[in-house]
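Numbering-wise (our numbering), the sequence shown opens with residue 1 and increments by one.
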Amino acid sequence: MASEVVYNYYNFKNFSPAIGSLLLVIGSFAFWKLLPRVLQWYDSRRKRVPGPTGLPLVGYLPFLGNEPHKKFWEMREKYGDVIGIDVGRKFLVVLNEYKVMKEVLCHPAALNRAPDLFRHLGHSGFVSENGERWIEQRRYSMTVARDLGLGRGQWQNLVKEETVNFLLKLRQLKGKPTDISHELAISLASNIISLLIGRRLSEDEAEKLQLSVNYSDVALIYMGPSNPTTIVPALRKVCEVFKIAGYDKAMKIIQSFSSFIKEEINRHKISRSFQDVPDFINSYLVKISEMSSSNDMNHGFSETTLEGTLNLLFLASSDTIFSSLGWLFRLMCEHKDIQDKVYAELTDVLGKDGEARYEGREKIPYTFAVIMEAQRYGSIVPLSGSRIAFDDIPVNGYIIPKGSEITANLWALHHDPSYWDEPGEFRPERFLTDDGTKLIRHLSSYAPFSVGRRNCPGETIAWMEILSYFSEVIRNFEISTPLGLKPEFKIVNGLVSRLAPQALCFKERNA
1 MASEVVYNYY
11 NFKNFSPAIG
21 SLLLVIGSFA
31 FWKLLPRVLQ
41 WYDSRRKRVP
51 GPTGLPLVGY
61 LPFLGNEPHK
71 KFWEMREKYG
81 DVIGIDVGRK
91 FLVVLNEYKV
101 MKEVLCHPAA
111 LNRAPDLFRH
121 LGHSGFVSEN
131 GERWIEQRRY
141 SMTVARDLGL
151 GRGQWQNLVK
161 EETVNFLLKL
171 RQLKGKPTDI
181 SHELAISLAS
191 NIISLLIGRR
201 LSEDEAEKLQ
211 LSVNYSDVAL
221 IYMGPSNPTT
231 IVPALRKVCE
241 VFKIAGYDKA
251 MKIIQSFSSF
261 IKEEINRHKI
271 SRSFQDVPDF
281 INSYLVKISE
291 MSSSNDMNHG
301 FSETTLEGTL
311 NLLFLASSDT
321 IFSSLGWLFR
331 LMCEHKDIQD
341 KVYAELTDVL
351 GKDGEARYEG
361 REKIPYTFAV
371 IMEAQRYGSI
381 VPLSGSRIAF
391 DDIPVNGYII
401 PKGSEITANL
411 WALHHDPSYW
421 DEPGEFRPER
431 FLTDDGTKLI
441 RHLSSYAPFS
451 VGRRNCPGET
461 IAWMEILSYF
471 SEVIRNFEIS
481 TPLGLKPEFK
491 IVNGLVSRLA
501 PQALCFKERN
511 A
């Protein structure tokens, strides 16, 4: 009876009984073959990460605003700890909570870096590599850095030397209100370049220092998380060709900096005075030679990779340190009592001639707690660099589908009241034991340099330089705003949250 109804419904009576029966069998077979896929599609839609509906072509991009990290935090109330949005042709998953972030970013299927993040910089070394190549290059780079004494010895001496020069610049201001952004950026660029290329740039090479500062500016500002060309990389090339919004000039700066790094690599290859310098470039060149002489051709060691790694190590350190110090100086103006306590600790512990070193940070717990709290409070990197899921990832009952891009809302982690009491207050004691004598270095929901195996490769350099500059400035100067003005915390957003320039006063102590 049922088959007769189906037969009549599809008008099989127009066919011969044999053909009609054959069509019915084929249809039934197709139905049962497609049913699992339909059910799978329905299940995937049911488990799809929740989020708002955007517009055709651009998705939710126009609604993110200048501070997308705060917009994602607001959306958490409606959509939860894991949010999915369409941005251009990409599906972006935002992680808004610490445990969720650790679960996803430490998942084996979330280790790959999204391909478009650094593409406009050319080859970006091991930072943009994935799979075995990334493991190979990162392991080698970190091992060499440790062997060369990262954070100790000669590295620390280079930092100290440049810090002293920066203090001389501040003394010349004689306490007058001055925006020190340019001098600080130049000093930091000189410092980090010295660490990477094994020599200090001379006074005759001032244009190379300015080029380094410009490179840091354009590379990070032009790849902010809500920048349309970050979401739709093809737009970047259009903007370059038609000279829109300065993209053509930015690309020239990026190319010029790459040429500068190539020159330094060649200097190490052909100059005898540099061939014996124990630095990263020479170590890597030796490794290239060893691998070229071996039978193993399946490796990623090349001068192109070396160049890209140097480029990204510079970026990973320079702008983070610059922005961190900007926040610290501004916060010390707002919290004079905290500035005085830092000064007292540094004076008592280090005396007149001592210096704060990263490996000795436990001796000055309050000072380092202030630095750690500034990282939390300011959330210098509000959104982590994006990963890409190379397989489905289950989380919180949902599925992050293969091919999705993933970012962690680090600002949300650092302002989550579930982990932080009064997160809007600047309170260094969060990172100290109850008696204030020891640092608490590992707190939940604290990840200024992200978490997992793909955290920031410049983390140690950043901590080392921030401590050196901050401690020496506080020991020698009292920082304040001009009379009658308050410190400003207007943010200039890029990949890193810089504060807009403001004139501050650096009055020499005991002058």
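Beta carbons are placed, not taken as given, at the ideal position from N, Cα and C, and that holds for glycine.
- In chain order, Asn-96 place their CB closer than 6 Å to the CB of Arg-76, counting only its own chain and leaving out the 5 sequence neighbours on each side.
- In the pairwise beta carbon analysis, the segment 335 to 349 is classified as not touching the segment 387 to 397: fewer than three pairs are separated by under 8 Å.
- Asn-409 and Val-100 do not touch by the CB rule: their CB atoms are close to 10 Å apart, not below 8 Å.
- As summarised for the segment 243 to 305, there are no continuous beta strand (DSSP E) elements at least 3 residues long confined to that stretch.
- Beta-bridge annotation (DSSP): Lys-90 is paired with Val-87.
- Pairing Leu-196 with Leu-325 gives a Cβ-Cβ distance that is not under 8 Å.
- Cβ-Cβ separation between Val-104 and Ile-399: approximately 12 Å, too far for a contact (criterion under 8 Å).
- By the neighbour-count criterion, in which 16 or more other beta carbons inside 10 Å mark a residue as buried, Val-49 falls on the buried side.
- Less than 8 Å separates the beta-carbon of Leu-346 from that of Ile-474.
- For the 8 Å CB-CB criterion, Leu-439 and Phe-431 form a contact.
- In the pairwise beta carbon analysis, the segment 202 to 214 is classified as not touching the segment 165 to 181: fewer than three pairs are separated by under 8 Å.
- Within the segment 373 to 433, the complete beta strand (DSSP E) segments at least 3 residues long are 393 to 395, 398 to 400, 405 to 408, listed from N- to C-terminus.
- In the three-state reduction of the DSSP assignment, Val-58 falls in the coil class, being assigned neither a helical nor a strand state.
- Residue pairing from DSSP places Val-82 in a beta bridge opposite Leu-95.
- With respect to the 8 Å criterion, Ala-109 and Asp-391 are classified as neighbours on the basis of their beta carbons.
- Around the Cβ of Thr-367, a 10 Å sphere holds 16 or more other Cβ atoms; the residue is buried.
- In this structure Asn-298 is exposed. Its beta-carbon is surrounded by fewer than 16 other beta-carbon atoms within 10 angstroms.
- Under the three-state reduction of DSSP, Ser-444 is assigned to coil, being neither helix nor strand.
- Taking Leu-483 as reference, the option from Lys-507, Glu-264, Ser-418 with the minimal CA-CA separation is Lys-507.
- Using a Cβ distance threshold of 8 Å, Cys-333 and Leu-504 count as a contacting pair.
- For Lys-341, the enclosing alpha helix (DSSP H) has its first and last residue at 336 to 350.
- Your pair Gln-375 and Pro-448 checks out as a contact, with CB atoms roughly 4 Å apart and the cut at 8 Å.
- Within 10 angstroms of the beta-carbon of Leu-328 lie 16 or more other beta-carbons, which makes it buried.
- If you look at Ser-181, you'll find it in the alpha helix (DSSP H) that goes 181 to 197.
- Rounded to the nearest angstrom, the gap between the Cα atoms of Pro-417 and Glu-74 is 14 Å.
- Below 8 Å, enough C-beta pairs join the segment 256 to 264 and the segment 210 to 219 to call them touching: three or more.
- In the DSSP assignment, Glu-129 falls outside any beta strand (DSSP E), carrying neither H nor E.
- Around the Cβ of Ile-26, a 10 Å sphere holds fewer than 16 other Cβ atoms; the residue is exposed.
- For Asn-510, DSSP assigns no beta-bridge partner whatsoever.
- Under the three-pair Cβ rule at 8 Å, the segment 81 to 94 counts as touching the segment 57 to 69.
- Taking all protein chains shown into account, Thr-163 has 16 or more neighbouring C-beta atoms within 10 Å of its C-beta and is therefore buried.
- Taking a cut-off of 8 Å for Cβ pairs, the segment 456 to 468 and the segment 355 to 372 touch, as three or more such pairs fall below it.
- Taking all protein chains shown into account, Pro-115 has fewer than 16 neighbouring C-beta atoms within 10 Å of its C-beta and is therefore exposed.
- Exposed is the label assigned to Leu-168, since fewer than 16 other Cβ atoms lie within 10 Å of its Cβ.
- For the set Thr-305, Arg-272, Ile-270, Asp-296, the Cα lying nearest the Cα of Tyr-284 is the one of Thr-305.
- The beta-carbon separation of Tyr-419 and Tyr-98, rounded to 7 Å, stays under the 8 Å limit for a contact.
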